[in-house]
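Single-structure report; data block below.
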Amino acid sequence: MQLLALPQAVPAGVEVWLLTLNLQVPLHDSDLSILNDSERKHASSLHFHADRVRSVVTRATLRRLLAARTMMAPEALLLTANEYGKPGLQGNANIEFNVSHAGCFALIALSSHQRVGVDIEYIDRLIDVHSISQHVFSPLERQSAQMSQQAFMRHWVAKESALKALGFGISEHLQAVSILSSDNTDYQIVCDYPAWPRLKGWLIEVPVDDYLAALTVEC
């Protein structure tokens, strides 16, 4: 597990951890023992062993990181989810977190007070940028010049992290959030609804070839 270096403008109290997962190893009792019944049941319902490892190890690591912040036992934490599936920590409004998986990697973002969203994606060089853009980009985003595959993936990872920070359904609100690039690392986030929280986002460096990651924090 590695604590990532973040851009200087990211607020204090925000951390992002990178997990490199060995998806072939057996599940460890030390991880399973700190999960609750629902988490263990979910993991056992997954068809592929790699998915079970990804679920158990990431959730156990999340519990340990939250335990360090709350000074509680990891198995005592009560993790909940809103109607869209965004997880939260019951009884502690001062800690926000978010998790993302891609391949054998996972990111865990922790934040004091502010909403936070994180995303990691494999760079798919075969993706049909033009076709997908018509469905997932807002009218404001589609005004931009034709994107390269790399630019599209940077845009997409930023957009998904923003929607995850909001805690709403991603597919239902894709066109309600616009990502406006300002330089190579940070970007503006424009939401269609004034009542939604104001957000700020950054591309973050992950020491992994062919992967991109982004972080969004409530302003």
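With the working numbering, letter number 57 in the sequence shown gets 117, and the count goes up by one each step, no holes. Cβ coordinates follow ideal geometry from the N, Cα and C atoms, glycine included.
Q. Which residue or residues does DSSP assign as beta-bridge partners of Val159?
A. Position 99 of the sequence shown, counted from the start, is the residue given in the question as residue 159. The partner list for Val159 (beta bridge, DSSP) reads Ile168.
Q.
On the criterion of 16 or more Cβ atoms from any shown chain inside 10 Å, does Pro199 qualify as buried, or is it exposed?
A. For the purposes of this step, residue 199 is taken as residue 139 along the sequence shown, with counting starting at 1. Counting C-beta atoms within 10 angstroms of its own C-beta, Pro199 has fewer than 16 neighbours from the protein chains shown and is therefore classed as exposed.
**Q.** Of the residues His195, Val196, Phe212, Ser171, the one placed nearest Ile183, counting alpha carbons only
**A.** Position 123 of the sequence shown, counting from 1, holds the residue named residue 183. Ile183 has its Cα closest to that of Phe212, out of His195, Val196, Phe212, Ser171.
Q.
Closer than 7 Å to a non-hydrogen atom of the ligand ADP - does that hold for the CB of Asp179?
A. Absence of the ligand ADP from the depicted structure is noted, as is the absence of any ligand whatsoever, leaving it without description.
**Q.** Residue(s) in a DSSP beta bridge with Trp77
**A.** For the purposes of this step, residue 77 is taken as residue 17 along the sequence shown, with counting starting at 1. According to DSSP, Trp77 bridges with Leu63, Ile168.
Q) Pick from Tyr247, Gln235, Asp91: whose alpha carbon is nearest that of Ala218? A) Within the sequence shown, the letter at position 158 stands for residue 218. For the residues Tyr247, Gln235, Asp91, the minimum Cα distance to Ala218 belongs to Tyr247.
Q: Could you pull the start and end residues of the beta strand (DSSP E) that Ser208 belongs to?
A: Position 148 of the sequence shown, counted from the first residue, corresponds to residue 208. Counting along the chain, Ser208 falls outside any beta strand (DSSP E), and DSSP gives it neither H nor E.
Q.
Beta-carbon within less than 8 Å of Arg185's beta-carbon, same chain only, minus the 5 sequence neighbours each way: which residues are those?
A. Within the sequence shown, the letter at position 125 stands for residue 185. Excluding residues up to 5 positions away in sequence, Gln209 lie with their Cβ nearer than 8 Å to the Cβ of Arg185 in the same chain.
Q) Who are the near neighbours of Ile230 in its chain, counting only those whose CB is closer than 6 Å to its CB and skipping five residues on each side? A) Translated into the one-based positions of the sequence shown, residue 230 becomes position 170. Hits under 6 Å: Leu223.
Q | Boundaries (first-last residue) of the beta strand (DSSP E) holding Glu181 | A | The residue given as residue 181 occupies position 121 in the sequence shown. It spans 176 to 182 - the beta strand (DSSP E) in which Glu181 sits, taken as one unbroken run.
Q. Under 8 Å between the Cβ atoms of Pro134 and Thr245?
A. The residue labelled residue 134 in the question sits at position 74 within the sequence shown. The residue labelled residue 245 in the question sits at position 185 within the sequence shown. Not a contact, by the Cβ cut-off of 8 Å.
Q: Measuring alpha carbon to alpha carbon, tell me which of Leu226, Ala162, Leu126, Val196 ends up nearest Asp269.
A: On the sequence shown, position 209 is the one that residue 269 refers to. With respect to the C-alpha of Asp269, the residue from Leu226, Ala162, Leu126, Val196 having the closest C-alpha is Ala162.
Q.
So, at 7 Å on beta carbons, what are the nonlocal neighbours of Gly179 in its own chain, with the 5 sequence-adjacent residues on each side left out?
A. For the purposes of this step, residue 179 is taken as residue 119 along the sequence shown, with counting starting at 1. Reading off the sequence shown, one finds Asp at residue 179, where the question assumed Gly. Excluding sequence neighbours, Asp179 sits near Ser160, Val217, Glu220, Ser221, Lys224, Ala273, Ala274.
Q.
So, with DSSP's three-state summary, where would you put Thr276?
A. One-based indexing of the sequence shown puts residue 276 at position 216. Here Thr276 sits in strand by DSSP.
**Q.** Simplified DSSP state of Thr140, which is helix, strand or coil
**A.** The count along the sequence shown starts at 1 and reaches residue 140 at position 80. Correct three-state label for Thr140: strand.
Q. Under a Cβ-count criterion, where at least 16 other Cβ atoms within 10 Å of its own Cβ denotes burial, should Arg214 be classed as buried or exposed?
A. Start at 1 with the first residue of the sequence shown, and residue 214 comes out as number 154. By the neighbour-count definition (other C-beta atoms within 10 Å, threshold 16), Arg214 is a buried residue.
Q: With Gln194 as the anchor, note down where its alpha helix (DSSP H) starts and where it stops.
A: Taking the sequence shown and counting its residues from 1, one reaches residue 194 at position 134. That run of the alpha helix (DSSP H) goes 189 to 196.
Q | Burial state of Lys101 (16 or more Cβ within 10 Å) | A | By 1-based counting over the sequence shown, the position of residue 101 is 41. Counting Cβ neighbours within 10 Å, Lys101 comes out exposed, since fewer than 16 surround it.
Q) If Phe157 and Leu170 are in contact, beta carbons under 8 Å, what's the gap, nearest whole angstrom? A) Along the sequence shown, read from residue 1 onward, the residue named residue 157 stands at position 97. Along the sequence shown, read from residue 1 onward, the residue named residue 170 stands at position 110. Confirmed, Cβ separation roughly 5 Å.
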